[in-house]
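Taking it in order: structure first as structure tokens, then the write-up.
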Amino acid sequence: EPEVTQTPSHQVTQMGQEVILRCVPISNHLYFYWYRQILGQKVEFLVSFYNNEISEKSEIFDDQFSVERPDGSNFTLKIRSTKLEDSAMYFCASSATGGYTNYGYTFGSGTRLTVV
Amino acid sequence: EDKVVQSPLSLVVHEGDTVTLNCSYEVTNFRSLLWYKQEKKAPTFLFMLTSSGIEKKSGRLSSILDKKELFSILNITATQTGDSAIYLCAVGAGETSGSRLTFGEGTQLTVNP
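So the sequence lines, in the order shown, correspond to chains A and B.
The opening residue of the first sequence carries number 156 in this note's numbering; numbering runs sequentially from there.
The opening residue of the second sequence carries number 24 in this note's numbering; numbering runs sequentially from there.
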């Protein structure tokens, strides 16, 4: 069964450092997303990406965040200057049709980011 | 602001019991409601519902959507210890394709032997 792959599975970084979280979506999918889940809290939407541009972003996705699809297979989330409150599990997801099939969105296994 | 509320937040049952998990929502431009199972890490897809009154079924799990009353239920019959997980309800809404999912808090289900 096709999977969304995320690397690394766990990253520890110092406050103020830049991090790049990487994702390889399912190959024929067109819509890509980043979500995050702070420990003990809800899964929260960050950004959606379609046709090589951001289609929607949440209030959380401020200027310190950016996304890129550099080479047609990878999808990255960059956090420019990490803060303690950025510590969370970050999930990448992809869908073929924006979620309007019986398969919904497929999530990756997540990157646990710890900012110290 | 879109809102998804799940109940109960936590449930402990014995193997063999039947459980019903609830999800209510208030969103603008509803498109779909999805149920996910989250064990250790990634949410894994269970069902997507777009039409009222049509039950979706997969083994011991089933789900139905009521778009008039704005809620969905997820039923699990003959529960097993492997059903222990957090069950997440999420609603897709918005004017464009590929719009965000809004998640509920989840229901933590524990099935004891």
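Note that CB positions come from ideal geometry on N, CA and C, so glycine has one too.
According to the Cβ coordinates, are residue i and residue j closer than 8 Å?
i: threonine 133 of chain B; j: valine 42 of chain B; result: no
i: leucine 176 of chain A; j: threonine 231 of chain A; result: yes
i: phenylalanine 5 of chain B; j: alanine 113 of chain B; result: Missing from the structure shown is residue 5 of chain B; chain B here goes from 24 to 136 and no further.
i: serine 210 of chain A; j: serine 203 of chain A; result: yes
i: phenylalanine 246 of chain A; j: glycine 263 of chain A; result: yes
i: serine 122 of chain B; j: glycine 115 of chain B; result: yes
i: leucine 56 of chain B; j: leucine 72 of chain B; result: yes
i: tyrosine 260 of chain A; j: tyrosine 188 of chain A; result: yes
i: tyrosine 190 of chain A; j: valine 198 of chain A; result: yes
i: valine 174 of chain A; j: threonine 160 of chain A; result: no
Can you tell me whether residue i is buried or exposed? The criterion is at least 16 other CB atoms within 10 Å of its CB, across all chains shown.
i: valine 271 of chain A; result: exposed
i: aspartate 217 of chain A; result: exposed
i: leucine 32 of chain B; result: exposed
i: histidine 37 of chain B; result: exposed
i: serine 182 of chain A; result: exposed
i: histidine 105 of chain A; result: Outside the displayed range of chain A (156 to 271) lies residue 105 of chain A, so it cannot be described from this structure.
i: glutamine 169 of chain A; result: exposed
i: serine 164 of chain A; result: exposed
i: threonine 252 of chain A; result: exposed
i: proline 66 of chain B; result: buried
i: leucine 239 of chain A; result: exposed
Which chain B residues sit within Cβ distance under 9 Å of residue i?
i: tyrosine 245 of chain A; result: In chain order: nothing, as chain B lies at least about 11 Å away.
Under three-state DSSP, which class holds residue i?
i: threonine 125 of chain B; result: strand
i: glycine 105 of chain B; result: helix
i: aspartate 89 of chain B; result: strand
i: glutamate 199 of chain A; result: strand
Check the Cβ of residue i against every Cβ in chain B and list those closer than 7 Å, keeping chain order.
i: glycine 265 of chain A; result: Lys64 and Ala65
i: phenylalanine 262 of chain A; result: Ala65 and Pro66
With 7 Å as the limit, tell me which residues of the stretch 184 to 212 of chain A have their beta carbon closer than that to any beta carbon of chain B; keep them in chain order. Tyr186, Lys197, Val198, Phe200, Ser203, Tyr205, Ser210 and Glu211
What residues from the stretch 111 to 135 of chain B come within 8 Å of chain A, judged by C-beta to C-beta, listed N to C? Leu111, Ala113, Gly115, Gly117, Thr119, Ser120, Gly121, Ser122, Arg123, Leu124, Thr125, Phe126, Gly127, Glu128 and Gly129
Can you give me, in chain order, the residues of the stretch 54 to 66 of chain B that have a beta carbon less than 8 Å from any beta carbon in chain A? Arg54, Ser55, Leu57, Tyr59, Lys64, Ala65 and Pro66
According to a CB-to-CB cut-off of less than 7 Å, which residues of the stretch 66 to 99 of chain B neighbour chain A? Pro66, Phe68 and Met71
Name the residues in the stretch 156 to 167 of chain A whose C-beta lies less than 7 Å from a C-beta of chain B; which are they? none
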